[in-house]
Every structure is written in C-alpha cells, then in structure tokens.
Amino acid sequence: MTNETLRIEPLSPALGARISGVDLSRELEEEGWKAIEKAFHDHSVLIFPAQEITVAQMKRFCQRFGELLVHEHLLPFTLEGHPECMRLHNDAQRPPGLNTWHTDNSGWARPPLGTVLHSRILPELGGDTLFSSMYQAYEALSPPMRELFERLGAVHDTRKAFGPDYASLQRSLSKNGIDADKHFAHHEPVEHPLVKTHPVTGRKALYVSAPYVTHIRGLSKAESQALLDFLYRHIETSEFIYRHRWSKNDLVIWDNRCTQHLAVADYYPRERLMYRMNIADGARN
1 MTNETLRIEP
11 LSPALGARIS
21 GVDLSRELEE
31 EGWKAIEKAF
41 HDHSVLIFPA
51 QEITVAQMKR
61 FCQRFGELLV
71 HEHLLPFTLE
81 GHPECMRLHN
91 DAQRPPGLNT
101 WHTDNSGWAR
111 PPLGTVLHSR
121 ILPELGGDTL
131 FSSMYQAYEA
141 LSPPMRELFE
151 RLGAVHDTRK
161 AFGPDYASLQ
171 RSLSKNGIDA
181 DKHFAHHEPV
191 EHPLVKTHPV
201 TGRKALYVSA
211 PYVTHIRGLS
221 KAESQALLDF
231 LYRHIETSEF
241 IYRHRWSKND
251 LVIWDNRCTQ
261 HLAVADYYPR
271 ERLMYRMNIA
281 DGARN
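Sequential numbering of the sequence shown, starting at 1, is according to the working numbering.
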C-alpha cells in the first residue's frame with residue numbers, strides 16, 4: 001500500500017472518514033500507517049470497509065495505536081485465547097445492552113484511547129452506530145459557558161453504569177457469572193474534567209458520559225443535574241453527528257477522547273455480532 005492507493009473520504013463535516021485502498025490482513029508500511037494515524041486525529045472516526053481479517057490481524061492493527069486492554073469483568077464475553085477481544089453477540093436470547101450516548105469506560109482513571117469494532121454478523125435492518133464530535137460540542141458553546149465548564153469536573157462511577165439504572169448490563173454480567181455489585185463494590189469513583197485538551201491535536205473537547213457520571217463536583221444537586229441535562233441534550237445536536245450504517249466486515253475505530261457514540265438497539269430480536277477491542281491511553285488527565 002502506498003499513499004497513491006490509500007484514499008481518505010470525509011463522511012460528514014463534523015467527524016468520520018472512510019479509508020479505502022487498505023488491506024488490514026497485511027502489515028502496514030510506515031508511510032501508510034502515518035497517513036492513517038493522521039486521518040485518525042483529523043477525523044476522530046475511521047471506517048475501513050470490507051476487511052476480511054482474523055482476530056490476530058485485527059489485534060496487530062489495533063496495537064499500532066497502543067497497548068490493548070483486558071477488562072476483568074468482560075472476560076466471560078471474550079474469545080478463547082484472545083482476552084483483549086470482546087464478542088458482542090446479540091439476538092433474541094441476548095438483548096442489546098447500553099442504548100444511550102456514552103464514551104467507553106469513563107469510570108476508570110485512564111479510560112481507553114480508542115475503541116475498535118469489526119462487524120461479523122449484521123441484522124437485515126437497523127443496528128446503526130451514531131458518533132458525536134465532542135470538539136464540535138465544545139466549540140459550539142458560548143464563551144461564558146466554555147469558561148464555566150473548563151473550571152468544573154464530573155465524578156464518574158462504574159457502580160452507576162453497572163447498577164440498577166442500567167439493568168440490562170447488570171443482567172448480562174449476572175448471566176455470565178459476575179455479580180456486578182460485588183465486583184465493583186471497592187471500585188472508587190474518579191473525577192475527570194468536563195473539558196479535556198486532546199494530547200495530540202491540542203483541541204478542547206467536552207468529556208461527559210451519562211452512564212457513569214453521578215454529579216459535577218462542587219455544585220448543589222439541583223445545579224449539577226441542570227448542567228448535566230443541558231450537556232446530554234447538547235451532544236445530541238445533529239450538526240455534531242455522523243451516523244454509520246454497517247456493512248459486513250467493516251472495521252471502525254474511534255477516538256474516545258473526543259467523541260461519544262450510541263449503538264442504536266432497534267434491531268432486536270435480530271442477530272448482530274461484533275468483535276471489540278479497547279486501546280489503552282498512556283496519557284494522564
């Protein structure tokens with residue numbers, strides 16, 4: 001692969017680009033990798049169509065971005081011999097889980113840099129994934145609101161994300177032998193700033209994730225909830241969003257530091273199978 005064969009096609013003004021002319025079953029040459037890395041930082045979400053790859057080849061590509069994470073509570077959902085690869089399998093017996101806007105694993109001190117999905121089985125209809133640019137969400141705020149949010153931090157708690165508020169996730173873990181209450185009982189909440197500066201691009205982005213956030217530090221309960229409700233509606237603004245309609249063997253990678261996503265659960269009870277990997281972020285807040 002050379003830069004002459006690699007093509008980058010933006011998919012919306014806000015974020016997202018299709019990368020063609022790439023075969024991820026083969027080793028990437030350095031020139032091609034540098035072009036992909038730049039596109040990742042330019043567009044936040046990259047789509048690689050028609051990638052017939054093995055799990056080992058998927059891992060090799062993901063590891064170009066960083067170390068792959070192993071999540072202890074997700075081990076029952078992973079592929080044998082590949083603890084980094086989660087098997088997201090939904091059908092009539094396994095309903096879809098989280099059907100709300102979020103960024104992955106924000107309840108940890110160092111959330112993942114990025115997430116990668118490879119589509120294996122798709123429903124005939126439905127199952128799209130929406131992505132929202134948190135760069136755009138921040139930049140669309142008025143200067144006084146930017147200044148306010150830049151001074152504030154939100155508390156993120158895994159016990160909320162895997163608690164009764166999101167019972168489908170709790171039930172899914174329980175069916176696979178994990179008691180979420182016990183597993184996360186000693187997992188301390190963490191605080192993340194409501195506005196983060198991306199370590200590579202230098203752009204500011206909103207950082208909030210509804211399943212995990214319990215409150216904004218230093219505000220009254222009413223003040224905190226009013227601001228959070230505003231942010232949750234604000235990130236849904238159409239101009240910030242790219243909607244991806246999946247095709248079989250699409251590989252999609254997104255930057256958790258500057259995006260949120262929503263996996264639309266409208267395909268139930270049809271079958272959908274995705275392989276997922278999380279890439280570790282070595283940078284501190």
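We treat Cβ as the ideally placed atom computed from N, Cα and C, and that holds for glycine.
Keep in mind the model is a prediction, meaning the values are calculated, not measured.
Start-to-end residues for the alpha helix (DSSP H) that takes in TYR320: Since the first and last residues shown for the chain are 1 and 285, residue 320 lies out of range.
Inter-residue spacing [alpha-carbon to alpha-carbon] between LYS204 and PRO144: 15 Å
7 Å CB neighbourhood of GLY107 in its chain, flanking five on each side removed: HIS156, ASP157, THR158, ALA161, VAL190, TYR212
Cβ pair MET134, TYR242 closer than 8 Å: no
ASN256 versus HIS89: straight-line alpha-carbon distance, rounded: 22 Å
Cutoff 8 Å; reference THR2; Cβ partners in own chain excluding five residues on either side: Caution is warranted here: a pLDDT of 46 is assigned to THR2, below 50, making its placement in the model unreliable, and the coordinate value is therefore given only provisionally. The residues are GLU29, GLU31, GLY32.
GLU324 versus ARG26: straight-line alpha-carbon distance, rounded: Any answer about residue 324 is impossible in this case: the structure gives the chain only from 1 up to 285.
C-alpha gap between ARG94 and HIS82, whole angstroms: 22 Å
Element boundaries [alpha helix (DSSP H), containing GLY107]: Note, GLY107: premise wrong, no alpha helix (DSSP H); not H, not E.
Status (buried if at least 16 other CB within 10 Å, exposed otherwise) for ALA226: exposed
Cβ distance (whole Å) where THR288 is taken to contact LEU74 below 8 Å: Absent from the structure is residue 288, since the part of the chain shown begins at 1 and ends at 285.
Rounded C-alpha distance that separates PRO199 from ASP104: 18 Å
For ALA280, three-class secondary structure by DSSP: coil
8 Å contact criterion, which CYS85 and MET274 should meet: CB distance rounded: Incorrect: roughly 10 Å between the Cβ atoms, too far for contact.
Proximity below 8 Å, CB of PRO96 to CB of ASN176: no
Cα-Cα separation, LEU24 to GLN51: 7 Å
Residue burial classification, ILE121 (beta-carbon count within 10 angstroms, cutoff 16): exposed
Residue range of the unbroken beta strand (DSSP E) whose run includes ALA17: 17 to 20
CA nearest to the CA of GLY234, picked from SER132, ALA92, LYS59: The identity of residue 234 in the sequence shown is His, whereas the question assumes Gly. For the residues SER132, ALA92, LYS59, the minimum Cα distance to HIS234 belongs to SER132.
Burial state of GLY282, where buried means 16 or more other Cβ atoms lie within 10 Å: exposed
Given ASP165 as reference, the closest of ALA210, GLU147, SER174 once Cα atoms are compared: ALA210
VAL190 - partner residues in DSSP beta bridges: HIS156
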